[in-house]
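For reference, the structure discussed in these notes is given below.
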Amino acid sequence: MDANLVGLAGKVAIVTGAGVGMGAATARLLAARGAKVIVSDINPATANETADAIRADGGEAHVVICDVAQESQVEALVAETVATFGRLDCAVNNAAITPDVLPIHEADMAVFDKVLNVDLRSVMLCMKYEIRQFLAQGSPGSIVNIGSVSSVRPQATNAAYVAAKHGVIGLTKTGSLEYAGKGIRVNAVLPGAIDTPMLRGALETTGFTEADFAPALSLFGRFGRPEEVAEASAWLCSDASSYVTGHSLAVEGGYLTR
Ligand SMILES: NC(=O)c1ccc[n+]([C@@H]2O[C@H](COP(=O)([O-])OP(=O)(O)OC[C@H]3O[C@@H](n4cnc5c(N)ncnc54)[C@H](O)[C@@H]3O)[C@@H](O)[C@H]2O)c1
11 MDANLVGLAG KVAIVTGAGV GMGAATARLL AARGAKVIVS DINPATANET
61 ADAIRADGGE AHVVICDVAQ ESQVEALVAE TVATFGRLDC AVNNAAITPD
111 VLPIHEADMA VFDKVLNVDL RSVMLCMKYE IRQFLAQGSP GSIVNIGSVS
161 SVRPQATNAA YVAAKHGVIG LTKTGSLEYA GKGIRVNAVL PGAIDTPMLR
211 GALETTGFTE ADFAPALSLF GRFGRPEEVA EASAWLCSDA SSYVTGHSLA
261 VEGGYLTR
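Residues in the sequence shown are numbered consecutively from 11, following the numbering used here.
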């Protein structure tokens, strides 16, 4: 595909949680469409694998190790992005951790706090420093926050994750309101059941298989592929979505229609 046609050529993008799963697929797709990509993850080994794959495909990538729950590390992530590629144009705030699996009355509040930190507070931190950079550059920018179908539909025994992912929509809408006047767009992507290490981990925990789960979680009766979600994030990062902000785009095989 011609990168100029999709409005990503030469853009500088950050993808958090880009070592595996949807983050890795998104980093690879953005690079394939001409963006210079900061591959960020808490795990150096997998982050380097993603960056190596991008370079092997002829793309540009630079690894920044960052725990998105730590403010100083998120600030440093944006600073290293600018030091490396000179600017920031878009970001996919994707990193998150697996849900807790206990009912509310048995909740371990240390787990609750951890999930809220990694899955929600991190999105606030990323937006804070990404938007600061857009404002400092005096240029438009696009942020994509990765929510979930759990951003709009609760799941039993997942209170922390559901609360965090509902919050992601609140942050997305607030960001879109505050910065539209500066040309900064903030949107969310809400994946359904997507075949990644996170979902495979959940299957292991519950003992279910794809055949047990997929028909209830998708009108297509199959899990989604990380690349199918990456397409939505890439479009929202690009100039092709220039009139879209504050939106939550579900990529869930029709799960939310019933
Ligand atoms: N897989 C699904 O079915 C599904 C469904 C709905 C939403 N989501 C959301 O999509 C996003 C990606 O999910 P995935 O399935 O690809 O996840 P994954 O667990 O397969 O990959 C997550 C990546 O994030 C990294 N990470 C974890 N904690 C981090 C931290 N503190 N700082 C930086 N990086 C960290 C991990 O090292 C890993 O590389 C997440 O926001 C997740 O909540 C996933």
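Just so you know, even glycine gets a beta-carbon here, dropped at the ideal spot from N, CA and C.
To the nearest whole angstrom, what separates the beta carbons of residue i and residue j, a pair I think is in contact under 8 Å?
i	j	result
Arg131	Ala190	Not really, about 24 Å apart at Cβ, beyond 8 Å.
Ile204	Phe233	6 Å
Asp123	Tyr171	Actually they do not touch by this definition, with Cβ atoms about 13 Å apart.
Glu81	Leu135	5 Å
Leu209	Val133	Not really, about 20 Å apart at Cβ, beyond 8 Å.
Leu266	Leu246	Not really, about 18 Å apart at Cβ, beyond 8 Å.
Thr215	Val111	6 Å
Val22	Thr56	So it is not a contact: roughly 22 Å between Cβ atoms.
Pro150	Gly96	Wrong, their Cβ atoms sit about 16 Å apart, outside the cutoff.
When you measure from the CB of residue i to every non-hydrogen atom of ligand 3, does any distance come out below 8 Å?
i	result
Phe233	Ligand 3 is not part of this structure, which contains only ligand 1.
Please name the residue in the options whose C-alpha comes closest to that of residue i.
i	options	result
Glu188	Asp77, Leu266, Arg142	Arg142
Thr167	Arg97, Gly256, Ala212, Val92	Ala212
Val92	Glu81, Ile24, Ile114	Ile24
Ser160	Leu227, Ser149, Thr94	Leu227
Ile114	Pro164, Arg65, Ser152	Pro164
Thr184	Thr60, His257, Ala28	His257
Thr94	Pro225, Pro54, Ile48	Ile48
Lys46	Glu59, Asp99, Met32	Asp99
Val162	Lys138, Pro201, Ala146, Asp51	Pro201
Arg195	Gln147, Pro236, Leu18, Thr255	Thr255
Leu87	Thr26, Tyr253, Ile179	Thr26
Pro109	Asn127, Arg65, Ile64	Asn127
Arg38	Ile64, Asn58, Asn53, Leu145	Ile64
Val261	Glu116, Glu214, Leu229, Ala28	Leu229
Trp44	Pro54, Asp67, Ala28	Note that residue 44 corresponds to Gly in the displayed sequence, not to Trp. The residue with the shortest Cα to Cα distance from Gly44 is Asp67.
Glu85	Val111, Glu140, Leu40	Glu140
Arg268	Leu246, Asp249, Pro225	Pro225
Pro54	Ala42, Ala41, Ala28	Ala28
Ala41	Thr56, Asp51, Asp62	Asp62
Pro236	Arg97, Asn197, Pro207, Ser252	Pro207
Gly17	Ala250, Gly264, Gly263	Ala250
Gly263	Ser252, Tyr253, Gly231, Ser248	Gly231
Ser152	Ser248, Ala19, Ile52, Asp51	Ser248
Val121	Ala169, Ser186, Ile52, Tyr253	Ala169
Met2	Ala198, Ala117, Ala221	Examination of residue 2 is not possible in this model, given that the chain is present from 11 through 268 alone.
Ala101	Glu59, Gln83, Phe144	Phe144
Ser186	Ser252, Ala221, Gln147, Gly217	Ser252
Uninterrupted beta strand (DSSP E) stretches inside the segment 72-108 (no shorter than 3 residues): 100-103
Segments of 4+ residues assigned as alpha helix (DSSP H) that fall wholly inside the segment 112-184: 119-126, 132-147
contact_flag[the segment 65-76, the segment 174-188] where n(CB pairs < 8 Å) is 3 or more: With a cut-off of 8 Å, the segment 174-188 and the segment 65-76 do not count as touching, because too few Cβ pairs lie within range.
Segment contact, 8 Å Cβ cut-off, at least three pairs: the segment 97-110 with the segment 151-158: As far as the Cβ criterion goes, the segment 97-110 touches the segment 151-158, which means the pair count is three or higher.
Given 8 Å, three or more beta-carbon pairs between the segment 33-41 and the segment 235-242: Counting Cβ pairs under 8 Å, three or more are found: they touch.
Complete runs of the alpha helix (DSSP H) confined to the segment 181-261 [at least 4 residues]: Within the segment 181-261, the complete alpha helix (DSSP H) segments of 4 residues or longer fall at 207-216, 220-227, 236-247, listed in chain order.
Completely contained alpha helix (DSSP H) runs for the segment 15-51, where each covers 4 or more residues: 31-42
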